[in-house]
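Q: Residue numbers (our numbering), protein chains in the order written: chain A, 231 to 447; chain B, 215 to 610. Quick reminder that beta carbons are idealized off the backbone N, C-alpha and C, glycines included. Keep in mind that this is a model prediction, so the values were computed, not measured.
1) On the premise that residue 350/A lies in contact with residue 336/A, defined as a C-beta separation below 8 Å, what is that separation, rounded to the nearest angstrom?
2) State yes or no: is the beta carbon of residue 397/A nearer than 7 Å to at least one beta carbon in chain B?
3) With 16 other CB atoms within 10 Å as the buried threshold, where does residue 478/B fall?
4) Just curious, the alpha helix (DSSP H) that residue 396/A is in, first and last residue?
5) With DSSP run on the structure shown, which of helix, strand or coil describes residue 526/B?
6) For residue 338/A, which of helix, strand or coil comes out of DSSP?
7) Go ahead and pull the three-state DSSP assignment for residue 274/B.
8) Output needed for residue 327/B: all residues of its chain with C-beta closer than 7 Å, excluding positions within five of it in sequence on either side, in chain order.
9) Using the C-alpha atoms, what's the distance from residue 433/A back to residue 422/A?
10) Can you round the beta-carbon distance between residue 317/A and residue 302/A to whole angstroms, since I take them to be within the 8 Å contact cut?
11) Please list, in chain order, the chain B residues whose beta carbon lies closer than 8 Å to that of residue 405/A.
12) Can you find a CB in chain A that lies within less than 7 Å of the CB of residue 292/B?
13) CA-CA distance, residue 442/A and residue 361/B?
14) Taking beta-carbon pairs under 9 Å, can you tell me which members of the segment 232-255 of chain B lie near chain A?
15) Is the beta carbon of residue 314/A less than 7 Å from the beta carbon of residue 329/A?
16) Would you please verify whether the beta carbon of residue 313/A is less than 7 Å from any beta carbon of chain B?
17) Residues in the same chain with beta-carbon distance under 7 Å from residue 437/A, minus the five sequence neighbours each way, listed in chain order, please.
18) Could you name the residues of the segment 405-429 of chain A whose beta carbon sits closer than 8 Å to any beta carbon of chain B, in the order they occur along the chain?
19) For the segment 542-561 of chain B against the segment 381-396 of chain B, do three or more pairs of beta-carbon atoms, one drawn from each stretch, fall closer than 8 Å, so that the two count as touching?
20) Relative to the C-alpha of residue 331/A, which residue among 346/A, 322/A and 310/A is closest?
21) Taking a cut of 9 Å between CB atoms, which residues from the segment 253-274 of chain B lie near chain A?
22) Is it the case that the Cβ atoms of residue 622/B and residue 272/A are separated by a distance below 7 Å?
23) Should residue 355/B be labelled buried (16 or more other beta-carbon atoms within 10 Å of its own) or exposed?
24) For residue 298/A, count neighbouring Cβ atoms within 10 angstroms of its own Cβ and tell me buried if that reaches 16, exposed if not.
25) Are the C-beta of residue 323/B and some C-beta of chain A separated by less than 7 Å?
26) Measure from the C-beta of residue 350/B to each C-beta in chain A and report whether the shortest distance is under 7 Å.
27) Give a yes or no on contact between the segment 272-286 of chain B and the segment 366-380 of chain B, applying the rule of three or more CB pairs nearer than 8 Å.
28) Relative to the alpha-carbon of residue 580/B, which residue among 445/B, 238/B, 315/B and 228/B has its alpha-carbon at the smallest distance?
29) Is residue 244/A close to chain B? Criterion is C-beta to C-beta, closer than 7 Å.
30) What residue from 536/B, 358/B, 594/B and 444/B has the CA that sits closest to residue 240/B's CA?
31) Against chain B, with Cβ distances strictly below 7 Å, would residue 358/A count as a contact?
32) Helix or strand or just coil, what does DSSP make of residue 326/B?
33) Quick check on DSSP: helix, strand or coil for residue 361/B?
34) Would you grab the beta carbon distance between residue 522/B and residue 475/B for me? Rounded to a whole angstrom, and I think it's under 8 Å.
35) Check the DSSP bridge columns for residue 352/A and list the partner residues they point to.
36) Determine whether the Cβ of residue 327/B lies closer than 7 Å to any Cβ atom of chain A.
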């Protein structure tokens, strides 16, 4: 039995559930719906690694820039607090984050405590049915109006999609040791249509470094 | 380097572009020695596959010499001769572990585009749209190969490039099509499309024990190659021929045990439905022209199997699903799980069981590629397969 990702993961006690985090008393639990001022995203991935290793990778907050988009640096300021710097386009935002729950190999919950971003989240690591690997489920909340969310989507990546992409990068890093990329690479003149399409396909999002600790290729 | 770039529908140009570089530890840079134009490249040329961007380098059938490797690649070294599979696979996700390489979870950096269209994303492909990863293709002098420790097949014998090049796509694709057809000894198999994939599907169907293969096309040079492999051919463009009657006549009235659609989304039809699909795709009410798919569903015997190596991209109209259900047929399809077939098929080539180079009709330079895309589309000059030597100079 593990803790569920409930609607306010860091503000109230989570109910207990069967494995998978999206099941409550044998019933499928749909993700929380957006409210004004609050956006929610719940997503999960099946990763071929142990829950302990995945927990460790996630808990190594200073490695977050390797797999979280637009995060420039993370500095651990104490065993449970860290300082985050994010760059989106020309703007840089900073905030502090505090770990609220920490169950090695199982669960981490956190929330921002001051700064430019209001966010809270929870991630759980559970063995998939049939020994198929580990299910990583994340529920993240952004304190942000729908209008602000729409604006972020327009100028860069929708915050919800960023969480989905970050989990994809996390899985790739854990499974393959690198983050697949197809940029930069040779091409002919993109022209106007090619450049517009590039933005539409989110190819203006800066590329993650992948395993920065590994040094040169 | 020189590369063949997609610049818009029906517009392909050979341009000078920067050389590729290693981006990830498991990458390799390959100096390409031979590459080819695939039938599926025509879907890009004709503008049927979304998310192409001007300037994209085309090409997913290529081989060459390893030029450089990232530090995560220990099985290849500079100078090794390799054939590269067109599907890119990481080798460590659940799907790769299950050997469903074309469904690799990790190799498509633009997976979100494919998830939006298809629900889940397949593997990345070389030179085949941004939805499929946006990877630069191999109709060029050099290419970057991701997960080079998983995909490339080393060629250690002295077989010529032309004999092994088609292990990069069309030979395994034709073979998997025959395997997907679940052929049992003594079966009769009908194959629509006698282009390169159809050719290898015919050869593979015989390898897997088919007693009779019926090959359907309209181009005399392709039908002739099919007959040389031992197939019975049906020319659908002959006014006196009804394909459905022909396959019934050739199967004692019960229909083929298996059908293979080696045509895909740009089927040419001579009848009313051809006009219907042409009109609907032109006004964007339909994305694909599924003439062959409809016919094959109709033609296959009760409880038969329909294998589909031909590429489909989007929304299809008037597919007779009632017939598929009513006869209880099995449908099998999808991008080729390349990595399963390359080595066993190389063994067959080395043993002399098949020489895949028999389909080549034209050998060209990179500079000639734009002209030959047009020839390939128009099926002019008795073209059956175009191979490019990226280092050859065009005669003045």
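A: With the structure as the only source:
1) Separation of the CB atoms of residue 336/A and residue 350/A is rounded to 18 Å, and the pair is thereby denied contact status at 8 Å.
2) Closer than 7 Å: no.
3) Residue 478/B should be labelled buried.
4) Looking at the DSSP string, the run of the alpha helix (DSSP H) that includes residue 396/A is 389-406.
5) If DSSP states are grouped into helix, strand and coil, residue 526/B belongs with coil.
6) In this structure, DSSP gives residue 338/A an extended state, which the three-state scheme calls strand.
7) The three-state secondary structure of residue 274/B, taken from DSSP, is coil.
8) Result list for residue 327/B: 265, 344 and 345, in chain order.
9) Taking the CA atoms as reference points, residue 422/A sits about 15 Å from residue 433/A.
10) Contact annotation, residue 317/A with residue 302/A: C-beta distance approximately 5 Å; criterion of less than 8 Å satisfied.
11) Within chain B, the residues near residue 405/A are 304, 306, 307, 319 and 320.
12) Contact with chain A is absent for residue 292/B, since none of that chain's Cβ atoms lies less than 7 Å from the residue's Cβ.
13) Low per-residue confidence applies at residue 442/A: pLDDT is 42, beneath 50, and the placement is therefore not dependable enough to give any value.
14) For the segment 232-255 of chain B, which is checked against every Cβ of chain A, the residues closer than 9 Å are 232, 233, 234, 235, 236, 237, 238, 239, 240 and 241.
15) No. Outside cutoff.
16) So no, residue 313/A is outside the interface.
17) Taking residue 437/A as the centre and dropping the five residues before and after it, the same chain places the C-beta of 411 and 413 closer than 7 Å to its C-beta, in chain order.
18) Taking 8 Å as the cut-off between beta carbons, the residues of the segment 405-429 of chain A near chain B are 405, 406, 407, 408, 409, 410, 411, 412, 413, 414, 415, 416, 417, 418, 419, 420, 421, 423, 424, 427 and 428, in sequence order.
19) Yes, the segment 542-561 of chain B is in contact with the segment 381-396 of chain B.
20) With distances taken between Cα atoms, residue 331/A lies closest to 310/A.
21) Answer set for the segment 253-274 of chain B: 265, 266, 267, 268, 269, 270 and 271.
22) Residue 622/B lies beyond the stretch modelled for chain B, which goes from 215 to 610, so this question has no answer here.
23) Only buried fits residue 355/B, as 16 or more other CB atoms lie within 10 angstroms of its CB.
24) With a 10 Å radius around the Cβ and a threshold of 16 neighbouring Cβ atoms, residue 298/A comes out buried.
25) Yes, because at least one Cβ of chain A sits closer than 7 Å to the Cβ of residue 323/B.
26) Residue 350/B belongs to the set of residues whose beta carbon lies under 7 Å from a beta carbon in chain A.
27) The way I'd put it, the segment 272-286 of chain B does touch the segment 366-380 of chain B; three or more beta-carbon pairs between them come closer than 8 Å.
28) For residue 580/B, the nearest C-alpha among the options comes from 228/B.
29) Note on residue 244/A: pLDDT 43, under 50, position unreliable in the model; the coordinate value appears next. Residue 244/A does not count as touching chain B.
30) Of the listed residues, the one whose Cα sits closest to residue 240/B is 358/B.
31) It does not; no Cβ of chain B falls within 7 Å.
32) Assignment of residue 326/B by DSSP, reduced to helix, strand and coil, places it in the helix class.
33) In the three-state DSSP reduction, residue 361/B falls in the coil class, being neither helix nor strand.
34) Contact flag correct, Cβ pair sits at about 5 Å.
35) Under DSSP, residue 352/A takes part in a beta bridge, and its partners are 339/A and 369/A.
36) Judged by the 7 Å Cβ criterion, residue 327/B is in contact with chain A.
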